[in-house]
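Here's the structure, in structure tokens; my notes come after.
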């Protein structure tokens, strides 16, 4: 058995997303038969303590506090950016210039301007680039994409999505970097609204115009020492006790789809008690309908208008059945997978695509297109009218 | 046992809604102990054949093809209007002038102007008036109303509603009166969007402004002889084969609630395959959340933020349990009720209210307020900006 | 329009079941087009107060405290028995002798011996007879029966049923007639186990042998004045405070199906907190599976092994869709029906069958066959081995 | 940071379960903070090709085709047995004699006699021992166990379980080692019935007696070259085309619980179309009820009889919420986990227990007790009467 070519990976950022990606890189080679073998070379973070605690545990060969140094190394092929949002552009642009392939968590950047600059950088450098819209990689979403491509849902009338969470409903929940515009760009909109926007564009088509409302239900939050995001922690340790939440707690918007009659509704909120991480989409078309939500991610509902009379109904499809390209890599049908597996699928597609023209994953271009929508949503919330996505 | 005072009822309109109301009037006295006893006096329709077929079967003492004659009779106390929408104003205003108490199916009228005139007429006449927003009378909705009144959900962040049907998805489904503006006012918006708008206003508060999109997916429908609505049938029998659908197939809108930070999203559509009559609302508040849909109407989901850690989750509450004022009238817990029971509750509340100041049911004023919202939705769809509800 | 032949009905028993049947008789003519018209002639009960309160309200022309007198009247065609179980045999046998057609609530009798005598009486008299296994009349059950008859489920491997309630879990719930052997025969077994046994026999085949366990979790109950069943109330008003529960609170049993390899499991219990009236069956066959429960009675789940790969799953079929013979009588698809409608279907089938050879409803013969199974279950619980159903 | 003590692991068997366990061992150190660090030393299988393909990929330092050689090595602390069932006793007994701690997949052995010998061997050797009843390690099951221990469900009335699969419904599915008694002991009973029996004993109490039925729906299967289980493949490659299935396709049984009035029903089947891996338990107690199934493993349903009137219902509890000892190791609430995580929990508990007296996992003693029940079930199926579990 000829040995596979290896590609060396460095992850920048050793918090929540860094852990998620580390786990994904580790699983790829064990479960999938990709044309190349990813090697977990370096875990990088500015906090040495995080590296000490995690680098070896998570399976990395080395660790580093200097992401710039990584770019100078010849033995690093892929830079995988898992830092807070505001650092994405600087790292990505530098990595592109250094000729590294890039994985970057979403949202690509805190502004459309920066995101566009990133896209230009990767295009110019000719490197591969992926933005982490992980939910595309749910087996059910892939099945739905496949159905839509084959016209099994017919003409799409409605896309209806809600991404609901409840982790900050408590007014005593403290200030964190995800609630400050300078670190995160926007609130629920950019964090989770981005996911349902991307799913819409992946499955149904580009959003061409939007109207919206945004709201911050709790305007001030107490500042504590223990910010959950290490990168931002320093700047929020201030003497005063309360800080202003300057991003949205919730964003709702309507959209039209380019060159189609499709109506789209979106709701992104961190104020839906009981919804821990409820990312739910509904698609209604002339031949049938599908419904999916992340909390029940191994299944999706499918209504087929061609089913016989008196036997029609939404079918709870087991997405991970035998024959599904992702599911076959894991366990037998009915032996469920979870959130972390989405990331393994994502990294698998990325390394499969290193030698291909066509990306089977969300590129920076997709992320920029998503950012355009989000920017239009913010604009519409202020202008109080429909805004074109430019 | 002293005999109860009787109130005599006449229903105008012997099609679908006439049947629904007849059944409801029949059930009230059998199952509820109201202070007065409704007597099913006259069923009225302009089609003699409908009366011949149905008047006795449905339990009516008499029948008539002349609704005006009913108004002159002293022995009719309540006029219950179940005709197509465009006839509501004429009949209601005349009935008010004749001093009759009035039940009128929704939407109250095809325009805000007419609806307002109707409200003025009943106010001037001092008669009791109810508009048939029947879903208010689901036991679950009453329980939710009660919870909100008691502040059990806290401050409301989100109201999210969809009323989805699929009866005209087939492009071969023919032209019917519900698809012509002059007979029906608007399409999905007025027919089913009205219900979720009313539920929002009943449960959460008045909608103060809206932004929207409306769409007609299938622009032309074949004309047939057998319109399902007798009243409009004559006028639609024309020589040409196709007729234009001039009302909306779907309407989506966002709203703000008066004097609150609540965000509201609405979707009313007849183009959601698999959704036969899916009237679904979600309410998220600072203390908890509730979710209900008509297709599973005996239950609602309730999330209580005060439930103990690790035992939190949406609870599928059996709304018709012992102790519920409506449910107790019917069967033991778990022995479900259905769509038709909503109307019995509605008529029960109306006759209970004949001697009371405070209406425990939707009045013409509520219906006018609903109409204001729908009119703002239509305006916003054209102006492409947020419109105040005036 | 020629007037339909009328058939005159008398219901004996004006408590819960009497009300349910009265409501059903009233609905039949309004909603169904049967070949004859049922006339609600007499409501009979030994308690005059119940008749005073209910006879007119429920739509009866007359009332009577003497069921024997009814049998002598020429103008009564159908005797519908809704008394406590122990009175069924006497009334039914006398009614048969008097040439009346008979509807009798289930269980037919408190013992197989009595049930058999009843069957003999109706056979000898040549009258029509139906036993009230109402769940057969759920639209979903009729659809499932139809599927099985057409071999759409293939060879049946498993029938798995549970009928769970929770109305007596509270140890302070008082003694009632349903907990005394002499009034009721058996407990959960005869009351609700009978229903799932009948559904098994209706859908899958006769139970040929059983093994079982029965349990009385709460052995003594406090005696109160207000027994819910009027007929038995007198005898339970005793001086002592506690009375022994001498029937089963729960019965579980396994069965084999005649001339088949099918395995059947049954659970009937009044001790399942949260299950108000959860009558649930699952059927697994070589071509597909179905699942239904009464608390969600408008739907059933259907798995079709022939569905395409990667689109397989249980389909939540809307049983009451257009084209279903029962559903078409009521409301449009998605406008749900409830428990009481089962009884209207039942009475409809009975009067349709008055002139037919083949009964499209459960006869006394079916009820006797059910009783044989229940008797074998009781025997097996004592013998502690498999018992043949004789 | 002091380095943790390491324990060296060898897995024997490189098929499905070997992969599952390898993945689990790999995850333990990354996600949990156990007192010792497991080192993945050797993967062992008699098929060199499986080792070549998998050993490195799955994270093992070495590979070996000789399990006996492993026992002689001082640097192996834990032997984890993932071979087909019939090899468990020989390997386990030898490993015990060699002083190794032992993890063994379930069922422990193909007969009670062998299982008992295994238990004696580990007891004599004084080594730690765990049998892989992995479903105990679902976060929901741990929560339910905790609730029962705290008496939150009160006295248990009913345990009702079904473990349903459908992978051999197709009559063309070929002969595999899991369908031959000599390799597997029993069929559905030992493979999946063992899991629900163990869950009953873990949660509710020991089964003291049983009555049962077993069935083989498809009696002969075609023999192919590609048995899915490598260990047994050789022996089943015979010249004739069909081979007899000599184990059960389904087993149903009733049970009584030791020193309690609890009734238990069990159904284990590979013939339930649509049920890919549906392991479902229901527990009804005097204070409340719980329901869980593996296909929706991140949640369980909980009914609390103390919930307020009119707000009662089954609550869909998110088991993996903040504060759950297993869930905290993974992702935020609502970010689901899957089947493979159960095994990580299992290995975590085992290595945590290496220095403790009390096992927080299923021991060989638990497995023997389970085997006793299974053996009584088989006996009862033949004797056709209730059999004591001895």
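Residue numbers (this note's numbering), protein chains in the order written: chain D, 1 to 390; chain Z, 1 to 390; chain R, 1 to 390; chain P, 1 to 390.
Don't be surprised by glycine CBs; every beta carbon is placed ideally from N, CA and C.
Buried versus exposed call for residue i [16 or more other C-beta atoms within 10 Å across all chains shown]
{"i": "residue 64(Z)", "result": "buried"}
{"i": "residue 360(P)", "result": "exposed"}
{"i": "residue 327(D)", "result": "buried"}
{"i": "residue 49(P)", "result": "exposed"}
{"i": "residue 381(D)", "result": "buried"}
{"i": "residue 241(Z)", "result": "exposed"}
{"i": "residue 198(R)", "result": "buried"}
{"i": "residue 89(Z)", "result": "buried"}
{"i": "residue 238(Z)", "result": "In this prediction, residue 238(Z) scores a pLDDT of 48, lower than 50, which makes its location untrustworthy; the coordinate-derived value is nonetheless stated afterwards. By the neighbour-count rule (16 or more Cβ atoms within 10 Å), residue 238(Z) is not buried but exposed."}
{"i": "residue 23(Z)", "result": "buried"}
Reduced DSSP secondary structure (H/G/I, E/B, other) of residue i
{"i": "residue 84(R)", "result": "coil"}
{"i": "residue 292(D)", "result": "strand"}
{"i": "residue 362(R)", "result": "coil"}
{"i": "residue 19(D)", "result": "helix"}
{"i": "residue 370(P)", "result": "helix"}
{"i": "residue 178(Z)", "result": "helix"}
{"i": "residue 14(D)", "result": "coil"}
{"i": "residue 152(R)", "result": "coil"}
{"i": "residue 216(R)", "result": "coil"}
{"i": "residue 229(R)", "result": "With a pLDDT of 44 at residue 229(R), under the threshold of 50, the modelled position of this residue cannot be trusted; read the value that follows with caution. Reduced to three states, the DSSP call for residue 229(R) is coil."}
{"i": "residue 195(D)", "result": "helix"}
{"i": "residue 144(Z)", "result": "helix"}
{"i": "residue 40(R)", "result": "strand"}
Sequence-distant residues of its chain with Cβ nearer than 8 Å to residue i (five each side left out)
{"i": "residue 313(P)", "result": "303 and 307"}
{"i": "residue 385(Z)", "result": "211"}
{"i": "residue 278(R)", "result": "162, 163, 164, 165, 272, 293, 294 and 295"}
Within 8 Å, strictly: CB atoms of residue i and residue j
{"i": "residue 262(P)", "j": "residue 193(P)", "result": "no"}
{"i": "residue 125(P)", "j": "residue 162(P)", "result": "no"}
{"i": "residue 62(R)", "j": "residue 36(R)", "result": "no"}
{"i": "residue 290(P)", "j": "residue 196(P)", "result": "no"}
{"i": "residue 76(D)", "j": "residue 102(D)", "result": "no"}
{"i": "residue 272(D)", "j": "residue 158(Z)", "result": "yes"}
{"i": "residue 129(D)", "j": "residue 343(D)", "result": "no"}
{"i": "residue 224(D)", "j": "residue 174(D)", "result": "yes"}
{"i": "residue 329(D)", "j": "residue 31(D)", "result": "yes"}
Own chain residues within Cβ distance below 7 Å of residue i, not counting five before or after
{"i": "residue 215(R)", "result": "248, 249 and 250"}
{"i": "residue 389(R)", "result": "207, 208, 209, 210, 372, 373 and 376"}
{"i": "residue 316(R)", "result": "299 and 301"}
6 Å Cβ shell around residue i - same chain, five flanking residues per side excluded
{"i": "residue 54(D)", "result": "14"}
{"i": "residue 407(P)", "result": "Nothing can be reported for residue 407(P), as the shown portion of chain P is limited to 1 through 390."}
{"i": "residue 183(Z)", "result": "84, 86, 177 and 232"}
{"i": "residue 266(R)", "result": "161, 196 and 253"}
Check: Which full runs of the alpha helix (DSSP H) of 4+ residues lie inside the region 55 to 136 of chain Z, going along the chain?
Finding: 67 to 72, 88 to 97 and 112 to 125
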